[in-house]
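Anchor point for the sequence shown: position 138 equals 137 in numbering that gives the first Met the number 0, and the numbering is continuous, going up by one each time.
Beta carbons: idealized from backbone N, C-alpha and C, even for Gly.
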Amino acid sequence: MSDRLAPAKLFATTFLFWILLNGSLAPDVAVVGLIVAAAITYFLPNGLSFLSGYKAKPLATLGYIAFFFKELIKANLSMAHLVLMPKIAVKPAFVKVRTNLTHPVGRLLLANSITLTPGTLSVEIEGEHIYVHWVVAETTDPEAATRKIVAGFEKYLEVIYG
0 MSDRLAPAKL FATTFLFWIL LNGSLAPDVA VVGLIVAAAI TYFLPNGLSF
50 LSGYKAKPLA TLGYIAFFFK ELIKANLSMA HLVLMPKIAV KPAFVKVRTN
100 LTHPVGRLLL ANSITLTPGT LSVEIEGEHI YVHWVVAETT DPEAATRKIV
150 AGFEKYLEVI YG
């Protein structure tokens with residue numbers, strides 16, 4: 000297919016995605032979907048290329064997913080223990096961690112992985128740093144916090160997004 004069909008493909012893809020997300024072909028849902036798909040096509044004429052960069056690295060991708068779920072389970076158990084304890088031992092702090100990732104999607108995935116892991120919340124990305132709110136801060140040293148919070152995720156994301 001030629002590049003001149005790119006806007007039509009983008010429109011069709013976003014409209015289909017809208018319908019799938021809503022699970023309905025009701026007229027009001029379809030009309031809003033058409034408007035949203037048209038707006039995306041109009042404002043992003045080059046498509047969603049800014050989200051590209053994924054390199055098919057199945058082992059690294061599986062490793063990342065496995066690591067994420069392991070961290071998710073550990074963090075959930077830790078937060079459950081914290082909540083169920085008679086004396087809540089929170090030690091909240093904002094920590095500044097550093098990432099070696101340069102690709103914006105890699106950084107986005109890293110920040111979202113941190114946020115989705117209970118007990119941590121990515122607050123801001125500024126340059127090579129991510130500011131994280133940590134419910135039970137083990138350290139406020141940027142290097143130690145980076146090793147504790149970022150390093151595991153980053154190991155896989157560097158392979159995928161280089």
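Close-in-space but distant-in-sequence residues of the same chain around residue i (CB under 7 Å, 5 per side omitted)
i	result
residue 120	114, 131 and 132
residue 117	74, 75 and 78
residue 169	The structure shown does not extend to residue 169, since the chain is modelled only from 0 to 161, so the question has no answer here.
Cβ shell of residue i (< 6 Å), same chain only, five flanking positions each side left out
i	result
residue 0	With a pLDDT of only 44 at residue 0, under the threshold of 50, the placement of this residue in the model should not be trusted; the figure read from the coordinates follows. Excluding residues within five positions, none has a Cβ falling inside 6 Å.
Sub-8 Å separation of residue i and residue j beta-carbons
i	j	result
residue 81	residue 89	yes
residue 36	residue 13	yes
residue 21	residue 28	yes
residue 129	residue 98	yes
For residue j and residue i, believed in contact at Cβ under 8 Å, the rounded distance
i	j	result
residue 107	residue 153	Actually they are not in contact, since the Cβ atoms of residue 107 and residue 153 sit about 13 Å apart, beyond 8 Å.
residue 136	residue 79	Actually they do not touch by this definition, with Cβ atoms about 19 Å apart.
residue 109	residue 149	7 Å
residue 94	residue 25	That pair is no contact at about 47 Å.
Spatial distance of residue i from residue j (CA atoms)
i	j	result
residue 159	residue 85	43 Å
residue 105	residue 96	15 Å
residue 10	residue 56	29 Å
residue 111	residue 15	25 Å
residue 64	residue 46	27 Å
residue 140	residue 147	11 Å
residue 62	residue 156	10 Å
residue 18	residue 138	46 Å
residue 33	residue 39	10 Å
residue 124	residue 77	26 Å
residue 5	residue 42	14 Å
residue 232	residue 44	Nothing can be reported for residue 232, as the shown portion of the chain is limited to 0 through 161.
residue 3	residue 58	36 Å
residue 7	residue 122	37 Å
residue 68	residue 23	32 Å
Bridge-paired residues (DSSP) for residue i
i	result
residue 95	130
residue 124	129
residue 119	133
residue 90	135
Same chain, Cβ closer than 8 Å to residue i, neighbours up to 5 away in sequence not counted
i	result
residue 151	66 and 70
heavy atom of the ligand ZN below 7 Å from residue i C-beta
i	result
residue 128	Only the bare structure without any ligand can be found here, which leaves the ligand ZN out of the picture.
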